[in-house]
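Undergrad: Numbering (my numbering), first residue to last: 24 to 308.
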Ligand SMILES: NC(=O)c1ccc[n+]([C@@H]2O[C@H](COP(=O)([O-])OP(=O)(O)OC[C@H]3O[C@@H](n4cnc5c(N)ncnc54)[C@H](OP(=O)(O)O)[C@@H]3O)[C@@H](O)[C@H]2O)c1
């Protein structure tokens, strides 16, 4: 049987992990810098460049997955990092006779403005105050208005090997006050790849929703996560000599993301909470 063709636009960590699940597909990865990959055909191209995108998309793809990271943390950076490439890619797809069966756009739970520790799900209002949330919603809307089958996946905070920011804070003795409690939401990078694989496969035989929150089962106050890490690392009770600065980004995270819709669709988390996910990482460090 002919293999389906899938293109991973913004080929970085998540796309690389995803590609390991895609042996039944003919997989192409797109990024601007040159790399060699043992199993994925890498196209060196800029998704903001219309000519280059027309060229890459000219063979037609059944599935598109977009995982971009902006080069700059600013409104312009997010416009150039999400809105522009999405528009450019959709322009290129519109010129093709082969229409994709699914476009997956990877977004973020930062589109929710809720900061009061309340639960959010796919039906919750999105009224972000930050440029990052607004630009992500703008990119989501472009995909939703494209007329193709699509699915937005809003990941919460991604962790995994090579993403040890929180562990580094704990090891440096930087804590977080117990009050006011700030809820945080996480997903292991391997589950990000698992979720994307699950949705791409499921859509072959079932109707899937246009939007999923992808976050593990256990939103938890940041101080609790850090205390658990301290204990697991075997650090003393008086480890936390100072508090890490409370960034706007951290303060904005104070909500609880529900994964009920994703779980209902049949996805089983490999790492249901930070405890399962961080334990092997802490032991390896
Ligand atoms: N980090 C988090 O906690 C978090 C939370 C929620 C959601 N997310 C989402 O998760 C995704 C992150 O994926 P990731 O961890 O795999 O990121 P990553 O490792 O930084 O990969 C992103 C890749 O996109 C490529 N890229 C960026 N702009 C491009 C362009 N214009 N044309 C072609 N390639 C481009 C970059 O490669 P080149 O520089 O070589 O082009 C990079 O390798 C993003 O969609 C992000 O919004 C992240």
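By construction, the Cβ of each residue, glycine as well, lies at the ideal position given by its N, Cα and C atoms.
Could you check where the alpha helix (DSSP H) with residue 84 kicks off and where it finishes?
TA: Along the chain shown, read from residue 1 onward, the residue named residue 84 stands at position 61. Taken as a continuous stretch (DSSP letters only), residue 84 belongs to no alpha helix (DSSP H), as it is neither H nor E.
Undergrad: Within 8 Å (strictly less), CB to CB, does residue 261 reach chain D?
TA: The structure shown has no chain D; it contains just one protein chain.
Undergrad: How is residue 305 classed by DSSP in three states: helix, strand or coil?
TA: Stepping through the chain shown from its first residue, residue 305 is reached at position 282. Looking at residue 305 - three-state DSSP - the assignment turns out to be helix.
Undergrad: Are the beta-carbon atoms belonging to residue 123 and residue 84 less than 8 Å from one another?
TA: Locating residue 123 in the chain shown gives position 100, counting from the first residue. Locating residue 84 in the chain shown gives position 61, counting from the first residue. Contact flag set, yes.
Undergrad: Would you say residue 178 touches ligand 1, meaning its beta carbon is less than 7 Å from a heavy atom?
TA: Within the chain shown, the letter at position 155 stands for residue 178. Result yes, Cβ under 7 Å from ligand 1.
Undergrad: Check whether the segment 209 to 226 touches the segment 30 to 44, counting contact only when three or more Cβ pairs, one atom from each stretch, lie closer than 8 Å.
TA: With a cut-off of 8 Å, the segment 30 to 44 and the segment 209 to 226 count as touching, because enough Cβ pairs lie within range.
Undergrad: Residue 237 bridges to which residues according to DSSP?
TA: Start at 1 with the first residue of the chain shown, and residue 237 comes out as number 214. BP columns for residue 237 point to 178.
Undergrad: Taking C-alpha atoms, which residue in 296, 266, 287 and 53 lies nearest to residue 194?
TA: As a first step, residue 194 must be located in the chain shown, where it is residue number 171. With distances taken between Cα atoms, residue 194 lies closest to 266.
Undergrad: Check whether the Cβ of residue 34 sits closer than 7 Å to any heavy atom of ligand 1, and report yes or no.
TA: Mapped onto the chain shown, residue 34 falls at position 11. Checking every heavy atom of ligand 1 against the Cβ of residue 34, one is found closer than 7 Å.
Undergrad: Taking the continuous alpha helix (DSSP H) assigned at residue 30, which residues delimit it?
TA: Looking up residue 30 in the chain shown gives position 7. First-last for residue 30: 27 to 32, but that is the beta strand (DSSP E), not the alpha helix (DSSP H).
Undergrad: Looking at the strands, I want to know which residues DSSP matches up with residue 251.
TA: To locate residue 251, count along the chain shown from 1; it is residue 228. Answer is none; residue 251 lacks a bridge partner.
Undergrad: Please give me, in chain order, every unbroken run of the alpha helix (DSSP H) with length at least 4 that falls completely inside the segment 130 to 216.
TA: DSSP assignment within the segment 130 to 216 yields the following whole alpha helix (DSSP H) runs of 4 residues or more, N-terminal first: 154 to 167 and 188 to 194.
Undergrad: Where are the alpha helix (DSSP H) runs, 4 residues long or more, that stay fully inside the segment 26 to 79, in chain order?
TA: The qualifying runs are 36 to 42.
Undergrad: Say the cut is 7 Å; is the CB of residue 91 nearer than that to a heavy atom of ligand 1?
TA: Here residue 91 is taken as the residue at index 68 of the chain shown, counted from 1. Yes, the Cβ of residue 91 comes within 7 Å of a heavy atom of ligand 1.
Undergrad: Would you kindly check if the distance between the Cβ of residue 199 and the Cβ of residue 249 is under 8 Å?
TA: If you number the chain shown from 1, residue 249 lands on position 226. If you number the chain shown from 1, residue 199 lands on position 176. Result yes, Cβ atoms of residue 249 and residue 199 sit closer than 8 Å.
Undergrad: May I ask you to check if the CB of residue 70 is nearer than 7 Å to at least one heavy atom of ligand 1?
TA: As a position in the chain shown, residue 70 is number 47, starting the count at 1. Answer for residue 70: yes, Cβ within range of ligand 1.
Undergrad: Does at least one heavy atom of ligand 1 sit under 7 Å from the Cβ of residue 157?
TA: In the chain shown, the residue the question calls residue 157 occupies position 134. Checking the Cβ of residue 157 against ligand 1 gives no.
Undergrad: Go ahead and label residue 137 buried or exposed: buried means 16 or more other beta carbons lie within 10 angstroms of its beta carbon, across all protein chains shown.
TA: Translated into positions along the chain shown, residue 137 becomes position 114. It counts as buried.
Undergrad: Shorter than 7 Å, the distance from the beta carbon of residue 307 to the closest heavy atom of ligand 1, or not?
TA: For the purposes of this step, residue 307 is taken as residue 284 along the chain shown, with counting starting at 1. Not so, every heavy atom of ligand 1 lies at least 7 Å from the Cβ.
Undergrad: Return the CA-CA distance between residue 77 and residue 118, expressed in angstroms with no decimal places.
TA: As a working mapping, residue 77 is identified with position 54 in the chain shown. As a working mapping, residue 118 is identified with position 95 in the chain shown. About 8 Å.
Undergrad: Does the beta-carbon of residue 279, which I'm using as the reference point, lie nearer than 7 Å to any heavy atom of ligand 1?
TA: If you number the chain shown from 1, residue 279 lands on position 256. Flag unset: Cβ of residue 279 not near ligand 1.
Undergrad: Which of helix, strand or coil does DSSP assign to residue 125?
TA: Working through the chain shown from its first residue, we reach residue 125 at position 102. The answer is strand: DSSP assigns residue 125 an E or B state.
Undergrad: Please report the distance separating the alpha-carbon of residue 279 from that of residue 253.
TA: Within the chain shown, the letter at position 256 stands for residue 279. Within the chain shown, the letter at position 230 stands for residue 253. Using only the alpha carbons, I get a separation of about 23 Å.
Undergrad: Tell me which residue opens and which closes the alpha helix (DSSP H) that residue 272 is part of.
TA: Residue mapping note: residue 272 aligns to position 249 of the chain shown, counting from 1. Annotation: the continuous alpha helix (DSSP H) that includes residue 272 extends over 271 to 275.
Undergrad: Cβ of residue 180 within 8 Å of Cβ of residue 149?
TA: Here residue 180 refers to the residue found at position 157 when the chain shown is read from its first residue. Here residue 149 refers to the residue found at position 126 when the chain shown is read from its first residue. Not in contact: residue 180 and residue 149 (Cβ atoms no closer than 8 Å).
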